[in-house]
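*Asks:* In terms of the numbering used here, the sequence shown opens at residue 497 and continues consecutively. Backbone N, C-alpha and C fix where the C-beta goes; we use that ideal spot for every residue, glycine too.
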Amino acid sequence: MKVLYEDNHIIVINKASSEIVQGDRTGDKPLSEKVKEYLKEKYNKPGNVFCGVTHRLDRPTSGVVVFAKTSKALTRLNKMFRDDEVDKTYWAIVQNRPASDRATLTHYLIKDNKRNKSTAYNTERKNTKKAVLHYSLINQSENYHLLEVKLETGRHHQIRVQLAKIGCPIKGDLKYGATRSNRDGSISLHARSISFIHPVSKEKVDIIAPVPDDNLWKVFEKNVG
């Protein structure tokens with residue numbers, strides 16, 4: 497587990513693609529439990545310790561995740577995420593170059609709970625939710641392109657399904673049209689950075705999550721700086 501930042505009220509982790517943020521049906525140990533164990537050991541605390549989940553990342557996605565160490569921080573962070581007061585930036589590796597190097601995508605998504613999959617439509621339909629993101633092409637290699645993505649809305653699998661809709665499925669994302677999987681089962685989507693006003697101190701917090709230990713990711717990170 498990689499800790500990017502910690503103070504009395506929050507702890508920020510660089511999630512590996514194999515980890516889950518909260519418990520699910522697999523029974524695998526979630527990141528929230530790993531954080532609790534880390535805090536108990538670090539501060540030699542008997543009994544239970546507080547660790548509040550403020551937001552989630554899909555299991556095959558890597559990158560920055562913020563946990564609250566106090567109930568006060570959790571309440572305030574939950575409101576900040578709900579009110580879009582947290583600035584998140586994602587990096588996505590795609591095989592196909594998008595038609596425009598920079599664009600705003602607006603689609604209407606519907607979630608299929610049974611299949612755990614969303615579908616994107618160009619026009620509004622019954623039970624759909626509006627999804628908006630902004631992307632820009634920031635680097636490329638011989639076979640792949642690196643997009644920087646910012647979300648305006650927070651929908652189920654939003655980046656994955658919207659990029660797939662424009663013919664640019666994320667590398668390794670078989671669920672949304674990638675031609676082959678990544679060796680480690682990840683998808684090449686990384687929550688690169690997060691910025692917010694600290695829920696207690698009111699200071700600005702800016703955190704960057706190093707990319708996964710993968711050659712292509714490392715090349716892109718080096719190129720972009």
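May I ask you to report which of helix, strand or coil DSSP gives LEU643?
*Replies:* Working through the sequence shown from its first residue, we reach residue 643 at position 147. Reduced to three states, the DSSP call for LEU643 is strand.
*Asks:* Relative to the alpha-carbon of LEU643, which residue among SER528, GLU620, ASP580 and LYS667 has its alpha-carbon at the smallest distance?
*Replies:* For the purposes of this step, residue 643 is identified with residue 147 of the sequence shown, where counting begins at 1. When only C-alpha atoms are compared, the closest one is LYS667.
*Asks:* Between the region 695-710 and the region 610-624, do three or more beta carbon pairs fall short of 8 angstroms?
*Replies:* Counting Cβ pairs under 8 angstroms, fewer than three are found: no touch.
*Asks:* Enumerated in chain order, which unbroken segments of the alpha helix (DSSP H) with a length of 4 residues or greater are wholly contained in the region 556-633?
*Replies:* Here the runs fully enclosed are 567-578.
*Asks:* For TYR586, count neighbouring Cβ atoms within 10 angstroms of its own Cβ and tell me buried if that reaches 16, exposed if not.
*Replies:* Locating residue 586 in the sequence shown gives position 90, where the first residue counts as 1. Counting Cβ neighbours within 10 Å, TYR586 comes out buried, since at least 16 surround it.
*Asks:* Considering Cα atoms alone, identify which of GLY721, CYS547, HIS641 and LEU659 is closest to LYS568.
*Replies:* By 1-based counting over the sequence shown, the position of residue 568 is 72. Of the listed residues, the one whose Cα sits closest to LYS568 is CYS547.
*Asks:* Which of the three DSSP states, helix, strand or coil, is assigned to LEU553?
*Replies:* As a working mapping, residue 553 is identified with position 57 in the sequence shown. LEU553: coil per DSSP, three-state reduction.
*Asks:* Please classify TYR539: does DSSP put it in a helix, a strand, or coil?
*Replies:* Taking the first residue of the sequence shown as 1, we reach residue 539 at position 43. TYR539 falls in the coil class under three-state DSSP.
*Asks:* By DSSP's criteria, LYS498 is part of a beta bridge. Which residues make up the other side?
*Replies:* Here residue 498 is taken as the residue at index 2 of the sequence shown, counted from 1. ASN510.
*Asks:* Is HIS652 closer than 8 angstroms to LYS607 when the C-beta atoms are compared?
*Replies:* As a first step, residue 607 must be located in the sequence shown, where it is residue number 111. As a first step, residue 652 must be located in the sequence shown, where it is residue number 156. Yes, the pair counts as a contact, with Cβ atoms nearer than the cut-off.
*Asks:* Whose C-beta lies closer than 8 angstroms to the C-beta of ALA616 among residues of the same chain, with five residues either side of it excluded?
*Replies:* Sequence index remark: in the sequence shown, residue 616 carries index 120 (1-based). Cβ neighbours of ALA616 beyond the five flanking positions: HIS603, TYR604, LEU605, ALA627, VAL657, GLN658, ALA660 and LYS661.
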